[in-house]
Amino acid sequence: MTIADVVAVLPEVAVTTTALLVLLADAVVGRRAARTWLPVLTILGLVVAIFAGPRTVASHTAFGGFVVIDTFATFFRILFCILAIFATVVAPEYLERRAIPAAEFYATVLFSTVGAMTIALSSDLITVFVGLELMTIPIYVLAAMARRDRYSNEAGLKYFLLGAFSSAMLLYGFAWLYGLSGTTTFAGIAKAISAGGLTNGPTLVALALVTVGLAFKAAVVPFHQWTPDAYDGAPTPATAFMSVAPKAAAFAAILRIMLGTLGPLALDWSAVFAVLAAITMTGGNVVALVQGNVKRMLAYSSIAHTGYILAGVAAYQAGTSASAAVLFYVFAYGVMNLGAFACLIYLDLEGTRGATLDELNGFARRQPIGAVAFAVFLISLTGIPPTIGFVAKVFILQPVLDAGLVWLAVVIALNAVLAAFYYLRVVVHMYMYDVDANAPRLLHPNLLSAGLGIAGIAVVFLGIVPDFLYRWALQAAAPFVLR
Amino acid sequence: MDFLEPVFFALFALGIIGAGLCVVVLRRITAQALLMALTFACMAGMFLLLGAETIALFQVLIYVGAITILILFGVMFTKQEERAYGLFFQEQTRWAAAFVLLIGLPVAYLALSFADPLTPSAKGGDLIPLAASLFTDYAFPFEVASVLLLAALVGAIVLVKRDEQ
Amino acid sequence: MTVPLGAFIAVSAALFFIGTAGVLVRRNAVVILMCVELMLNASNLALVAFSRRAGQLGAGNPLDQRGSVFVVFVFVIAAAEVAVGLAIILASYRNRPTVNVDDLHEMKG
Amino acid sequence: MIQNVWLIPAFPLAAFLVNALFGRRWLGRWTGPLASAAIAASALMSIAVFLEVRAGAERTIVPLYTFISVGDFHVDVAAQVDPLSSAMLLVVTIVSLLVHVYSIGYMAHDHGFWRFFTWLPLFVFAMLILVLGDNYLVMFVGWEGVGVCSYLLIGFWFERPEPAGAAKKAFVMNRIGDWGFMIGMITTFLVFGSMNFVDVFERVAKDPPAQGVLALIGLAFFLGATGKSAQLPLYSWLPDAMEGPTPVSALIHAATMVTAGVYLVARSTPLFAAAGPVLAVVGAVGALTAIFAATIALVQFDIKRVMAYSTVSQLGYMFLALGVGAPIAAMFHLITHAFFKALLFLGSGSVIHGVGNVQDMRQMGGLRSKMPLTYWTMVIAGGALAALPPLAGFWSKDEILGSAFKNGYPILWVVGVFTGGLTAFYVTRAIWLTFHGQPRDRHLFEHAHESPRVMTVPLLALAAGSVLVGFIGFPPDNGLIHAFLGPVVESAKDDQIRPILAGTNWAEFLLLAAISTAVGIGGILIGLSMYSRGRPEPAAVSRAAGPYYDVLVNKYYVDELYDRRLVDVGKAFAGAAWAFDIHIIDGLVNRLGWAIKLGGGGLRRAQTGVVGNYALSIVAGLLVIMVVYGGYATGWLHR
Amino acid sequence: MDTLLTLLIVIPIAGIVPLIVFFRDQRAVKQVAVVTTFIELLVSLVMLAQFHVGEAGFQMTESHAWLPSFGIRYELGVDGISVLLIPMTTLLTFISVLYSTGGAIKQRIGEFMIVFLLLEVGMVGVFMALDLFLFYVFFELMLVPMYLIIGIWGGPRRVYATLKFVLFTLAGSLLMLVGIIAVYLQSGPPGNRTLSLPDLLDRSGRFPPEFQFWVFLAFALAFAIKMPMVPFHTWLPDAHVEAPTAGSIVLAGVLLKAGGYGFLRFAVPLFPVGTQAWLPILILLSVVAILYGAIVSVVQKDLKKLVAYSSVAHMGFVTLGIFVLNQQGGVGAVLQMLNHGFVTGALFLFVGIQYEKTHRRQIADLGGLANTWPLFTAFFGVFTLASLGLPGLSGFVGEFLVLLGTFKFNPPGGPGGLFWGPLAAIGVILAAVYLLWMFQRVMYGTLREAYRALPDLSPIEVVCAVPLLLLTVLLGVFPQPAIAIIEPSVQRILAIAAGASQVVLK
């Protein structure tokens, strides 16, 4: 371990340190001060982490090759930090009202962020697995963090049991991969597998187990069933974070493992992924369509988005543009989905648990800024320009078509119509049904509104000027070129 | 010693599979926990057979020791009762068995395709190389794992600590 | 060594799927947790066995470090999982005194 | 003057614009004189143009601007001044002027006075465009323009349901005809590459296309003509159009607009002549309409309806003439008819005005003493209609019948002569019932009065016309009109059209005239005998005729057929189409949404909330994926 | 000015800023909105004045890299087709906004104006975009504002109607998006791909026939739904009935045009072979739309629904004109779009005015209105007549040219123009039937007492109606100036299509 090694993982160090500082500060300062300063400290730490990372496009390794600092890792590091900042910004008022220990909340978010970042920069099975667990285990905690809330308990328990189960499967698949290749590094495995191909029986077992394990983390149908319950029951700020960061991390892992490691088998798994993508987006949308609870609907919708992203993975044959599309979509999805969940916090402060559609009636009048932001996020999730969600969909469609998956492109398009129905129905309830005039205006936490406002503007801005982000995604995707 | 290996292997395998099955099949929670510990112990034996003494040691310490005890605590803190299935779809044993067999048997069969014989283990133990690589090559995952433990610690505390008022 | 690698792997597979079956058929959260531990252990067995094989392909150590290091990390992870898992079970139990996961189906649909 | 021919329609247009913009607020009653003055200016110009044409300007095209020019299609807004159009100009402007003046009196008490004098000049404008256009498209613009003015004016008293309905009926039936016009016009362009009369007729003469094509075009145009000129089967709007103010009936539905069809066919003579059997169709339809409408007119009691059916019948004569190859005779009759039928209508209007808006002749009677001027002018017009020599109608109708006979259409001649008898009868009946005998409604009679001078002066003018205009066709077959209009038909080099310039065959003329006049006088005598002496008693006759009488009174049940059957069937069809729209097309969409929701509900139930089930589905997924991968590996599944 | 077109996009956006600032002040909001749309109208007229008549290609083009890594450009330009549609759009928007200030919008007027200006951005942009991606963005940008306009300020069933509108439109446009991306991929090797129309037209010879077949279908679906063509039209009556008047005006006047414009601008020249393949069906559907829309209009009981269904019939003429693929048809289609914009926009305006006064829209509840509203009657009558295609008013020229083109249509095999032309012409008869019947039942007859005291048109309403009236008459009497602008561009498109299809088929 050299200085260079430490420098290479400075962002992770920064985030971890911040987590510790937050815990420490909570113990030291008073309650009122903590309420104000803990989020600030968290955000500061994350900002430092963003700027602590390398700015160059050159990739290098550290820790004897166990850490790869490439454009891909950089992309995800920054993305995870942004998502963590966003999650921190929206949380304080909710935590206060629901008596959720704030310091532990922030620290847990930060720990999870470290795990996610670890996934992005890993170059072997061990690191990726440890990272995956470091990312997931805090999420279990986040889900269950509203201790006195039965739904939160249930969410945490379900997520934990199934998550552990799937982790075991993934691990077993890793074990077989190791057995097949005699190594745990991605490069080594790839080399070993390209010799044998899928005809080797054990390869098949390993591939299937890894597919299922990763598909679970990304909430791919039919491995998705934990998602709605976990998202629904968890405290809303936690939901907001857990709906995006673990999914982004899962796709980082999928890219690293499926493309970077199991690339030689891509012909096989991509066919399965294409079908899974179609099933996932359709299943997610169709069930979201019949949800009355907006939080749960958004949970299903996030499954549908998994499908879209997975389509980009399945279209690996299109080359860099496929991976870049995945990265771009993950970014877009992260911002808009987190924002959408966070918009529910306004109502949660009144005591709802993820508002029903009817509870949203008149939201536009009761909370104009929140309603505009929510509408923007929903329109973006639908994929209507000029929002980032639209551009992301375009970027996904392009490689999908390029890879010759015309049917999948059509399925995506039709699914977007389905999705439009339920997303826009929320807008209907916010803007077009009125609640009686006596309904009080909703609380207006400044940090939350500011965060949502900025995110909303970002969603539109990036929808109009997406080029630099896409170029960045292209750079980040450069390590994954398979043809 | 070599001729004993298959015997030990058979014994441990029997212990692992038998005790594992019991964990799944039995209804008494404490027995289940203890049988799980037995599985872990047999596993340690397997590790020894494979020449991984250090791993075997960790296995005993962490699994047979710490984890089993943790789980026993968990058992003690909660009231255990088996009830009839409330809803018909909760009864899924048959489906589960069918699926697991359908997957498990081919996988086990494929497992046997790793036919390479294993050479006799060289003496000298695996502690030194393991430790060396853990703290040099694997320094980064090691650090991450320590963060993981910290995170788990914080998480466990925040979940079970009593409310402050 | 007379026992072939495949035998170890087969035992690990058997244990893995026994664990899987346990997760599927048992309803006690603690028992499910145990079954998950069995699955992790099965992985450990496979890892060690494979590391033995990988080790004899390479030179020097009988065990390839990667496998055994992996196993060590799995130990850590398993411990962390159990700790957090039990904490979650206990937290849930306080609100609703049951460990029967079937009873936790307030969220569905 | 010809180069400024556009001023002729410009005056009415200006009157329209001024009255439309300022009529309601500021001009009020001044709208009438203003419009009349504008028409008078047009009339003066028309006379000037006419004289110039007569002096030798045979055909002048006066382009104004490019109307539509796309690719090889090019149409100018241009006027064609030739004998035919200048004659029409004269008729239209003069009759219009008289009707305008008359209307100042007739409409004096109507609160829609300004509106009336807004629309009437607009009509004249459109009619003049129709007449002047040098191509089918511009003609069509006028054609539809007069249609819409007719619509507006029929529906002038829109607060009552009947005029509103009649107006719509008129326009829609006209539109059916216009469909034919449009097809004819466009096909003409496809065949000839132009819509200009000059180009088309030149091509027909030099390099005629297949007769079938020409027949198609001819039939299409003729369909248009039947709509506008109220021929079978599209005639039924015209009687209903009597719901409009009487001056409108006189101008639009007697003198000018309804003759547009005749003008169209006459204008297209070269085309029709080359189109084979189409002319025979025209003649047959004309004859059939003539007798058909005349029979209905026999039994009507509404004075205006009698005149309306009479108009239909007379228009039938004109088509008969066109069909037998005598376009000049048709135009001649058009001109004379314009005068005497306008007079009959205006006279009727005077009566109606005089008795306070009653139109049923059964309530009139004996009005001769109260309104002598009206009476005498009506008698003159009636005589002209009954073709009594030497009134105008005699000359023109006789020429038609003579042509039919000479050109080899004896059946049409017989029909024409017989219809002449019917005509004489019903006009006698109408005049007698109105003016003679005992007043049948005392109250009405007491209040009856002669119309003011502003109305009677036009009557007198028209009466003079009805007497004198016939002489432009004297001597028969060789009169002024024949010389003047001769060039129109000359270009049609076909044996079907016989420009009757060979000179007068007096013997033939006298014989034929004697026969038809005798039949006419016979009709008059029967009428007089029935209504003045009661021999035979009209009621008895109708009883004896029984069902036949009923058929006539009910106008052959055509309205019933059209309104009840066709319209009902159409509405039912439309209703079915809408049901299809709602239940099938939209239903499918909604059904799809419903099915998706159902599917969502089903999938939702799979989300049981139970962890074990979730885990099971994970394992099931694993199984499937393994099978698929196995399939790929072994080759029984294709990627 | 070489940024004139961008200016047209920027002005409404700039207008939104003061709207947000003065959000609470109703008077200021109205003034800002009216002034903004009026400036926009003036600028669009300046653009029209600067247009060089007779040149076929794009003028006033602007082209900037927008998404360079994807080869997408911010590319604007107008040709003879769009240069007329844009002023139409700005005029109708101005009229809608002006009318809406007169009390038709009773709540949330600030939001209304913001949304309306956003809508204007989309509408204007659609007609100027030369990059397919940009076009798509504007195409969809029209969607959300209209969704809100119907959904928030609409009638009782507004939610159903607006969702239906959005879902129908999206279903089509998303498939088109797939098509656009397919075009992008087909446009060249990686790195040299483009969605810029001028470039694509140069390269369209590269699109193989089967590709054209499917991608044309994707485009056609989007445009057919937007138009709407039968059988994708059922969203239209619902949307119109529920939309507020201003929404109806621009929906009928502008949004539907985006479909026809898209066919002409993109689908036909880019995929000539695909066009040929689908031609029989499109012609059939056009004629069906003309007849079916008219027939269904006959039995409508709701005034707005009647006008909506009549739009279906009228837009049938547009598609018919486009797909007979000759100059007369093409020019006629564009003229018909213009005419329909003014006339149907005006009809919706008047139906709206009428509704504001009587609060009834069922034809059976109305009648005799001509007795008390002479001005209204005059305007409404002229627009009704224009709508039924009376010569001398704008409706005729377009329909006539389309029919002329249809008669000329002479495909190898299958029924030709002499079959379709007369059929389509029947629509002209039917238009008279339903429009005059409507006019008769609404305006003629005896007046109900309840309506006697209702006032005639207000000055604002007259100001709204007069420009439309003038344009209707001008286009009907002097269509040639407009044709001179349109014709070269239509000719160019047809020539490109013909040339490209030869290249592909060779």
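Residue numbers (the working numbering), protein chains in the order written: chain A, 1 to 483; chain B, 1 to 165; chain C, 1 to 109; chain D, 1 to 639; chain E, 1 to 506.
Cβ coordinates follow ideal geometry from the N, Cα and C atoms, glycine included.
Quick caveat: nothing in here was measured; it's all calculated off a predicted structure.
- In the DSSP annotation of this structure, the continuous segment of the alpha helix (DSSP H) that includes residue 202(D) starts and ends at 197-206.
- 608, 610, 612, 613 and 616: these are the residues of the stretch 591-617 of chain D whose beta carbon lies less than 8 Å from some beta carbon of chain B, given in chain order.
- The C-beta separation of residue 388(A) from residue 459(A) comes to about 5 Å, placing the pair in contact by the 8 Å criterion.
- Residue pairing by DSSP places residue 64(E) opposite 74(E) in a beta bridge.
- The closest CA to that of residue 445(A), considering only 96(A), 22(A), 2(A) and 80(A), is found on 96(A).
- Contact between residue 151(B) and residue 108(A) holds, with the beta-carbon distance rounding to 7 Å and staying under 8 Å.
- Taking a Cβ-Cβ threshold of 7 Å, the residues of chain A close to residue 152(B) are 137, in chain order.
- Residue-level contact by beta carbon holds for residue 114(B) and chain A, with a gap shorter than 8 Å.
- Within the stretch 338-374 of chain D, no run of alpha helix (DSSP H) at least 4 residues long lies entirely inside it.
- Residues of the same chain with a CB within less than 8 Å of the CB of residue 1(D), apart from the 5 flanking positions on each side, are 45, 48, 49 and 52 in chain order.
- A residue is called buried once 16 or more other Cβ atoms fall within 10 Å of its Cβ, and residue 28(C) is buried on that count.
- Restricting attention to 23(B), 91(B) and 29(B), the CA atom closest to the CA of residue 38(B) is found in 23(B).
- Pairing residue 268(A) with residue 591(D) gives a Cβ-Cβ distance that is not under 8 Å.
- For the stretch 197-219 of chain A, the set of positions with a beta-carbon nearer than 7 Å to some beta-carbon of chain D reads 198, 199, 204, 207, 208, 211, 212 and 216 in chain order.
- Residues of the stretch 377-403 of chain A whose Cβ lies closer than 9 Å to any Cβ of chain E, in chain order: 379, 382, 383, 384, 385, 386, 390, 391, 393, 394, 395, 397, 398, 400, 401 and 402.
- Counting only runs of at least 4 residues, the stretch 56-130 of chain A fully encloses the following alpha helix (DSSP H) elements, listed from N- to C-terminal order: 71-90, 92-98 and 102-121.
- Within the stretch 344-375 of chain A, not one residue has a Cβ closer than 7 Å to any Cβ of chain E.
- In the DSSP assignment, residue 59(E) is bridged to 78(E).
- At a cut-off of 8 Å between beta carbons, residue 203(D) makes no contact with chain E.
- Annotation: residue 353(D) to residue 259(E) spans about 57 Å, alpha carbon to alpha carbon.
- Nearest Cα to residue 342(D) within the set 267(D), 33(D), 462(D) and 244(D): 462(D).
- Per the coordinates, the alpha-carbon of residue 437(D) lies some 21 Å from the alpha-carbon of residue 345(D).
- For residue 317(D), the enclosing alpha helix (DSSP H) starts and ends at 303-323.
- Setting aside the 5 residues that flank it on each side, residue 268(E) is surrounded in the same chain by 275 and 497, each with a C-beta closer than 6 Å to its C-beta; the list follows chain order.
- CA-CA distance, residue 96(C) to residue 101(A), rounds to 21 Å.
- DSSP, read as helix, strand or coil, puts residue 18(C) in helix.
- Scanning 134(D), 525(D) and 398(D) for the CA closest to the CA of residue 473(D) turns up 398(D).
- At a cut-off of 8 Å between C-beta atoms, residue 69(C) counts as an interface residue with respect to chain A.
- In chain order, 612, 613 and 616 make up the part of chain D whose C-beta sits under 8 Å from the C-beta of residue 92(B).
- Separation of residue 562(D) and residue 603(D) (C-alpha to C-alpha, rounded to the nearest whole angstrom) is 57 Å.
- At a cut-off of 8 Å between C-beta atoms, residue 69(D) counts as an interface residue with respect to chain E.
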